[in-house]
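Visitor: Dumping the structure here so I can ask a few things about it.
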Amino acid sequence: MTTPERSDDDVLVPEIVRNAERLANEQGGFPAQEQQPPGLTGRMEPLPDHGESSYTGHDRLAGLRALITGGDSGIGRAVAIAYAREGADVAVNYLPEEQKDAEETAQWVEKAGRKAVLVPGDLREEETCQQVAQQAVEGLGGIDVLVNNAGFQMARTTGLEELRSEDMDRVFKTNLYAMFWLTKAVLPHLHKGASVINVSSIQAFEPSPTLLDYASTKAAINNFTVNLAATVGERGVRVNAVLPGPIWTPLQPATQDGEKLEKFGGDTPIGRAGQPAELAGAFVFLASPREASYVSGTVVGVTGGKPVF
Ligand code: NAD
Ligand code: MG
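Each residue of the sequence shown is one higher than the one before, starting from 2 at the first, in this note's numbering.
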């Protein structure tokens, strides 16, 4: 038998990496730019890679039904594309002003031959969380995977003394209250083999002074993950978190000084920012009832080499 010709570049540096390296500048980041929150994909330069051309599914989530919050853009869109190509139907929650992004995600899910259900709603209200859960259950016929991915940050230019309660509220309600409320609403629908995947951040381990409130929520998400895993494990439901490093998504130009983006991600051991597509594998693994059957209460870091322990 002859060994097929092997090009090291194709084997060790696949399209997903070539895309990420092409999109980053020499400092690992991107051109200076700013947007109003929540930020829209179409206004980003360059556009992020969500795996549109590179993600190949292998039926690893065949027949599953997933609700992804913040699934319109960034990491959530990459997860939606990967889940659909792995055979899952997908419901996407997002803010009403992100309708255009949500419709584009839905098109990718449908192109993969799967069902897409759009469920707009601001998760800072408990009632909305309950409605979103209900509409997703009705639209998909049930839920097997809940991805608590919606999140908000804002780089603070002043210290704690100046931090206003309404600004804290936006961060704590989006990142923490919504995760509690939505998980509470979805849990009764989760059967043995189902799972919850939360989205933490490198900020949980390496907090930036400008992200005091955001970093606090991300540390809390890690504890919520471990704690909930302990309480629902007996019924066969797994709970995990993905912990991203610096990733090129609308959140970044929408929440900090635009010039900072020029070096965004350059301080990681890999030396560049990550693309949303580079997170998809971790979410697929954690959602898979077969591959992650004994994985619960843990955090998978996708940080470009920044330590997560
Ligand atoms: P993103 O802007 O593409 O996604 C965040 C989404 O959160 C938005 O699309 C929006 O739909 C949703 N959202 C915000 N406020 C909401 C609200 N009140 N109600 C409902 N939905 C709301 O950016 P992203 O970077 O893909 O963010 C996804 C997750 O990844 C967030 O939890 C974020 O904290 C986390 N994260 C991102 C990075 C990064 O560098 N991009 C790093 C670490 C962690
Ligand atoms: Mg968005």
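Note that beta-carbon positions come from the ideal geometry of N, C-alpha and C, so glycine has one too.
#1: Per DSSP, Gly160 forms a beta bridge with which residues?
#2: In chain order, what residues of the same chain lie with their CB nearer than 7 Å to the CB of Val227, ignoring the 5 residues before and after it?
#3: Report the option in Leu68, Thr232, Asp214 and Glu105 whose CA atom is closest to the CA atom of Ala151.
#4: What residue does the alpha helix (DSSP H) around Arg19 start on, and which one ends it?
#5: Going by CA-CA distance only, name the one from Asp214, Arg7, Ala179 and Arg44 that's closest to Trp249.
#6: For Pro121, write down the residues that DSSP places opposite it in a beta bridge.
#7: If you measure from the CB of Tyr215, is any heavy atom of the ligand MG nearer than 7 Å?
#8: Measure the C-alpha to C-alpha separation of Pro208 and Gln276 and round it to an integer number of angstroms.
#9: Are the Cβ atoms of Arg78 and Thr57 separated by less than 8 Å?
#10: With respect to 7 Å, is the separation between the Cβ of Asp50 and the closest non-hydrogen atom of the ligand MG below this value?
#11: For Ala113, does the three-state DSSP call read helix, strand or coil?
#12: Under the rule that 16 or more other beta-carbon atoms within 10 Å means buried, what is Lys174, buried or exposed?
#13: Cutting at 6 Å between CB atoms, please list the residues of its own chain near Ala230, excluding the five before and the five after it.
#14: Do you know how far the Cα of Lys185 is from the Cα of Thr232?
#15: Would you call the CB atoms of Ala83 and Tyr95 closer than 8 Å?
#16: Could you please give me the residues that DSSP links to Val197 through a beta bridge?
#17: Any heavy atom of the ligand MG within a distance shorter than 7 Å of the CB on Ser74?
#18: For the ligand MG, any of its heavy atoms closer than 7 Å to the Cβ of Pro39?
Guide: Reading off the structure:
#1: The count along the sequence shown starts at 1 and reaches residue 160 at position 159. Per DSSP, none; premise fails for Gly160.
#2: Taking the sequence shown and counting its residues from 1, one reaches residue 227 at position 226. Short of 7 Å from the beta carbon of Val227, and not among the five residues preceding or following it, lie these beta carbons of its own chain, in chain order: Gly298.
#3: As a working mapping, residue 151 is identified with position 150 in the sequence shown. Taking each of Leu68, Thr232, Asp214 and Glu105 in turn and checking the Cα distance to Ala151, the smallest one comes out for Leu68.
#4: Start at 1 with the first residue of the sequence shown, and residue 19 comes out as number 18. First-last of the alpha helix (DSSP H) with Arg19: Glu16 to Leu24.
#5: Along the sequence shown, read from residue 1 onward, the residue named residue 249 stands at position 248. Nearest to Trp249 by alpha-carbon distance, out of Asp214, Arg7, Ala179 and Arg44, is Arg44.
#6: What you label residue 121 is simply residue 120 of the sequence shown in a count that begins at 1. Bridge partners of Pro121: Tyr95.
#7: For this step, residue 215 is matched to residue 214 along the sequence shown. Taking 7 Å as the cut-off, one finds no heavy atom of the ligand MG near enough to the beta carbon of Tyr215.
#8: Numbered from its first residue, the sequence shown carries residue 208 at position 207. Numbered from its first residue, the sequence shown carries residue 276 at position 275. Their Cα atoms are separated by approximately 21 Å.
#9: One-based indexing of the sequence shown puts residue 78 at position 77. One-based indexing of the sequence shown puts residue 57 at position 56. Between Arg78 and Thr57, the C-beta spacing is not below 8 Å.
#10: In the sequence shown, residue 50 corresponds to position 49, counting from 1. Answer for Asp50: no, Cβ out of range of the ligand MG.
#11: Position 112 of the sequence shown, counted from the first residue, corresponds to residue 113. Assignment of Ala113 by DSSP, reduced to helix, strand and coil, places it in the coil class.
#12: Position 173 of the sequence shown holds residue 174. Result: buried.
#13: Walking along the sequence shown from the start, residue 230 turns up at place 229. Contacts found: Val240, Ser297 and Gly298.
#14: Mapped onto the sequence shown, residue 232 falls at position 231. Mapped onto the sequence shown, residue 185 falls at position 184. Thr232 and Lys185 have their C-alpha atoms some 13 Å from each other.
#15: Position 82 of the sequence shown, counted from the start, is the residue given in the question as residue 83. Position 94 of the sequence shown, counted from the start, is the residue given in the question as residue 95. In terms of Cβ geometry, Ala83 and Tyr95 do not form a close pair [threshold 8 Å].
#16: For this step, residue 197 is matched to residue 196 along the sequence shown. Bridge partners of Val197: Leu147 and Val240.
#17: To locate residue 74, count along the sequence shown from 1; it is residue 73. Yes; taking the cut-off as 7 Å, the Cβ of Ser74 has a heavy atom of the ligand MG nearer than that.
#18: Working through the sequence shown from its first residue, we reach residue 39 at position 38. In this structure, Pro39 has its beta carbon less than 7 Å from a heavy atom of the ligand MG.
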